[in-house]
Amino acid sequence: MNNSNVQDAADLLDQAAQSGEWITPLRDIQPAFSIDDAYAIQQINTDRQLAKGRRIVGRKIGLTSKVVQKQLGVDQPDFGALFDDMGYGSGEVIAWGSLHQPKVEAEIAFVLKNNLDMPNPGLVDVLDAIDYALPAIEIVGSRIDKWNIRIVDTVADNASSGAYVLGTTPRNVKDINLDLCGMVMERRGEPVSTGVGKACLGNPLNAVVWLARKMVEVGQPLRAGDLVLSGALGPMVEVQPGDIVEARINGLGSVTAVFGTAQEVSA
Amino acid sequence: MSNIAEFAARLDEAARTATATQQIDPESVMSLEQAYQIQAANIAHRVERGEKLVGVKMGFTSRAKMIQMGIDDVIWGRLTSDMRVEEGTALKLSDYVHPRVEPEIAFLLKAPLAGDVSASEALAAVEAVAPALEIIDSRYKDFKFSLPDVIADNASSSGFVIGNWHAPDTDLSNLGMVMSFDGKVQHVGSSAAILGNPVRALVAAARLAAEAGIPLQAGSIVMAGAATAAEWLLPGTYVRLEMQNLGSIGFHVQE
Chain A
85 MNNSNVQDAA
95 DLLDQAAQSG
105 EWITPLRDIQ
115 PAFSIDDAYA
125 IQQINTDRQL
135 AKGRRIVGRK
145 IGLTSKVVQK
155 QLGVDQPDFG
165 ALFDDMGYGS
175 GEVIAWGSLH
185 QPKVEAEIAF
195 VLKNNLDMPN
205 PGLVDVLDAI
215 DYALPAIEIV
225 GSRIDKWNIR
235 IVDTVADNAS
245 SGAYVLGTTP
255 RNVKDINLDL
265 CGMVMERRGE
275 PVSTGVGKAC
285 LGNPLNAVVW
295 LARKMVEVGQ
305 PLRAGDLVLS
315 GALGPMVEVQ
325 PGDIVEARIN
335 GLGSVTAVFG
345 TAQEVSA
Chain B
1028 MSNIAEFAAR
1038 LDEAARTATA
1048 TQQIDPESVM
1058 SLEQAYQIQA
1068 ANIAHRVERG
1078 EKLVGVKMGF
1088 TSRAKMIQMG
1098 IDDVIWGRLT
1108 SDMRVEEGTA
1118 LKLSDYVHPR
1128 VEPEIAFLLK
1138 APLAGDVSAS
1148 EALAAVEAVA
1158 PALEIIDSRY
1168 KDFKFSLPDV
1178 IADNASSSGF
1188 VIGNWHAPDT
1198 DLSNLGMVMS
1208 FDGKVQHVGS
1218 SAAILGNPVR
1228 ALVAAARLAA
1238 EAGIPLQAGS
1248 IVMAGAATAA
1258 EWLLPGTYVR
1268 LEMQNLGSIG
1278 FHVQE
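Chains as they are written, first to last, in my numbering: chain A, 85 to 351; chain B, 1028 to 1282.
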């Protein structure tokens, strides 16, 4: 794909993120975009954010469920960059106006203590590199109108990332059943999403191994201190202003996302 | 209502011979009480043939399902001894009309539990818990049914598979579950999908069974309700459920 097309798409996504005017799918602009083009678009906007002084604190892995992969007609996950100002603590109010067509999903977050910069890192490298795990709620977002996304759209759009909320009690991965840990997200006492560790590529660690290899491949390996959001354990759920959503992951504790009201934003 | 005996006999015959039957209440005009009377009479035929009542199963144990069906309570059905499928063995598809399977959790009681009980009273009456699979089977033609139809048809219950019993000393509120066919994951979920906590289904079972005049006894089994959507059974498959902290169970499906 020629560079001007890629640059145009990156500009459109960046403008949408700033204006809140969501755009039509990129396939309408250029049907021939490949997944590589999409990552090139993502990289342009990542560089743009870095130039503004934002800091990358880690990566998110998306498209980790078989169901979602099937919906988008792909057989691999994708990744996006996590920036410092996307993170919230459990219970902290998230300004509604900062979000882009938000939906929530419960995940396991891993924080690394070692670099994963060896060639072709594997499960043992990943296990050795993980410092601790936390329960997390990822607030995904889309700059594409009505989430009308295909693989190219979501990859180009920083893997539809938005914000994330982390629980505050670190756990050792050795103490968690990452295959069979139950997950429930509740709103007003009702379970709105349930799932299990295995829903994320068979095991969240499989997703981290995929990411570690991918990041070596693209020359930006995961580093000590990096945060990794490993992928949803259950279906994503739409949220409304004022919602309070709690996710519990068995063995990892809980995390609560508190959404501001729309009024608070305009005031 | 004089039709109760006739409907009950027809539904029992449909289940016994694995033959689809016409809906009994396509317009959904029957009261739920009448539907439960038909269920009682339906299952009474099984007891007359020598089957034993061994417990109850709960249905519609998710708020979403209740809203979808337009009710504000769970539904329930009766479990009989011949509905048991031993873990690890094979069932025959030809014994069922529209069989599907769903992952559940089962309670075994060590003491009577009847009426309005608290969650802690309910748990105190539990001898053991186990991973379980329920085979649900609607006996109606074309898989079409109203809410009274379902209740009269024993809340679709037709088989249950129970794994090893465990002491009830694990928190049951959020146990991960994976149901697979031949090793391929079909549905994943958590016990939290059962009313937020399966113990709530046990509390409801104590109330509803007592109201119906068959209070839960020591030795009664309670199937707490589905943790995920049901999946159609296919011939030749091995159905397996893995449950966090409670192990795994499975059964084979034959033609």
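Positions of the beta carbon are idealized from the N, C-alpha and C atoms, including for glycine.
Predicted model, so just to flag it, every value in this text is computed and none were measured.
Buried versus exposed call for GLN1066/B [16 or more other C-beta atoms within 10 Å across all chains shown]:
On the second sequence, residue 1066/B is found 39 positions in, with the first residue counted as 1. Buried.
Return the first residue and the last residue of the beta strand (DSSP E) that ILE1070/B is part of.
Looking up residue 1070/B in the second sequence gives position 43. ILE1070/B -> not in any beta strand (DSSP E); alpha helix (DSSP H) instead, spanning 1059-1075.
Rounded straight-line distance, which links the Cα of MET1085/B to that of ALA213/A:
The count along the first sequence starts at 1 and reaches residue 213/A at position 129. The count along the second sequence starts at 1 and reaches residue 1085/B at position 58. So the alpha carbons of these two residues sit roughly 45 Å apart.
Use the C-beta contact count for LYS298/A: other C-beta atoms within 10 angstroms, 16 or more gives buried, fewer gives exposed.
Position 214 of the first sequence, counting from 1, holds the residue named residue 298/A. So LYS298/A ends up on the buried side.
Contacts around LYS1079/B, its chain only, beta-carbon distance under 6 Å, and the 5 residues preceding and following it disregarded:
Sequence index remark: in the second sequence, residue 1079/B carries index 52 (1-based). Counting only Cβ-Cβ distances below 6 Å, and skipping sequence neighbours, we find SER1108.
Could you please give the first and the last residue of the uninterrupted beta strand (DSSP E) stretch that includes SER226/A?
On the first sequence, residue 226/A is found 142 positions in, with the first residue counted as 1. SER226/A -> no beta strand (DSSP E), and no H or E assigned at all.
Is the stretch 170-187 of chain A touching the stretch 221-233 of chain A, taking contact as three or more C-beta pairs under 8 Å?
yes
Can you give me the start and stop residues for the alpha helix (DSSP H) that PRO288/A sits inside?
Here residue 288/A is taken as the residue at index 204 of the first sequence, counted from 1. Run containing PRO288/A: 288-301, per the alpha helix (DSSP H) assignment.
So that I know if they touch, is there some Cβ in chain A lying closer than 8 Å to that of GLN1064/B?
Here residue 1064/B refers to the residue found at position 37 when the second sequence is read from its first residue. It does not; no Cβ of chain A falls within 8 Å.
With a 10 Å radius around its C-beta and 16 neighbouring C-beta atoms as the bar for buried, classify LEU134/A as buried or exposed.
On the first sequence, position 50 is the one that residue 134/A refers to. Answer is exposed; the Cβ neighbour count stays below 16.
VAL280/A touches chain B at which residues, Cβ-Cβ below 7 Å?
To locate residue 280/A, count along the first sequence from 1; it is residue 196. Residues of chain B passing the Cβ test: GLY1203, MET1204, VAL1205, VAL1215, GLY1216, SER1217.
In angstroms, rounded to a whole number, what distance separates the CA positions of VAL158/A and LEU262/A?
Here residue 158/A is taken as the residue at index 74 of the first sequence, counted from 1. Here residue 262/A is taken as the residue at index 178 of the first sequence, counted from 1. Using only the alpha carbons, I get a separation of about 24 Å.
Residues in its own chain within less than 7 Å of THR252/A by CB, not counting five upstream and five downstream?
As a position in the first sequence, residue 252/A is number 168, starting the count at 1. GLY173, SER174.
So which of ALA283/A, LEU207/A, TYR216/A has the shortest CA-CA distance to GLY1203/B?
Along the second sequence, read from residue 1 onward, the residue named residue 1203/B stands at position 176. It is ALA283/A whose Cα lies nearest to the Cα of GLY1203/B.
Taking Cβ-Cβ distances shorter than 9 Å, what residues in chain A pair up with GLY1223/B?
The residue labelled residue 1223/B in the question sits at position 196 within the second sequence. VAL268, GLU270, GLY273, GLU274, PRO275, listed in chain order.
Please list the terminal residues of the continuous beta strand (DSSP E) segment that includes THR340/A.
Stepping through the first sequence from its first residue, residue 340/A is reached at position 256. 337-343 is the extent of the beta strand (DSSP E) around THR340/A.
At a Cβ threshold of 8 Å, is GLN1049/B touching chain A?
By one-based count along the second sequence, residue 1049/B stands at place 22. Taking Cβ atoms only, chain A never reaches closer than 8 Å to GLN1049/B, which makes this a no.
Quick check on MET170/A: does DSSP put it in helix, strand or coil?
One-based indexing of the first sequence puts residue 170/A at position 86. Three-state result, MET170/A: helix.
Taking a contact to mean a Cβ-Cβ separation below 8 Å, would you say PRO1053/B touches SER1218/B in this structure?
Walking along the second sequence from the start, residue 1053/B turns up at place 26. Walking along the second sequence from the start, residue 1218/B turns up at place 191. Their beta carbons are not under 8 Å apart, which means PRO1053/B does not touch SER1218/B by this criterion.
Between which two residues does the alpha helix (DSSP H) harbouring PRO1130/B extend?
By 1-based counting over the second sequence, the position of residue 1130/B is 103. Careful: PRO1130/B lies outside any alpha helix (DSSP H), inside the beta strand (DSSP E) at 1126-1136.
For the beta strand (DSSP E) containing SER1275/B, list its first residue and its last residue.
In the second sequence, counting from the first residue as 1, residue 1275/B sits at position 248. From DSSP, the beta strand (DSSP E) with SER1275/B extends over 1274-1281.
Give a yes or no on whether the C-beta atoms belonging to GLU330/A and MET269/A are separated by under 8 Å.
Your numbering for residue 330/A matches position 246 in the first sequence. Your numbering for residue 269/A matches position 185 in the first sequence. Result yes, Cβ atoms of GLU330/A and MET269/A sit closer than 8 Å.
For a contact meaning CB atoms closer than 7 Å, what does ASN334/A contact in chain B?
As a working mapping, residue 334/A is identified with position 250 in the first sequence. Neighbours of ASN334/A on chain B, chain order: ASN1201, LEU1202, GLY1203, GLN1271.
I want to know whether the stretch 1140-1154 of chain B touches the stretch 1115-1126 of chain B - three or more CB-CB distances under 8 Å.
no
Mind checking which residues open and close the alpha helix (DSSP H) that includes SER1217/B?
Against the second sequence, residue 1217/B aligns to sequence position 190. Note, SER1217/B: premise wrong, no alpha helix (DSSP H); beta strand (DSSP E) at 1211-1217.
Considering only their Cβ atoms, is the gap separating VAL1280/B from THR1255/B smaller than 8 Å?
Position 228 of the second sequence, counting from 1, holds the residue named residue 1255/B. Position 253 of the second sequence, counting from 1, holds the residue named residue 1280/B. For THR1255/B and VAL1280/B, no; Cβs fall outside 8 Å.
For TRP1259/B and MET1284/B, the rounded distance between their alpha carbons
Residue coverage of chain B in this structure runs from 1028 to 1282, which leaves residue 1284/B outside it and unanswerable.
Endpoints, alpha helix (DSSP H) assigned at ILE125/A
Start at 1 with the first residue of the first sequence, and residue 125/A comes out as number 41. Its alpha helix (DSSP H) spans residues 119-135.
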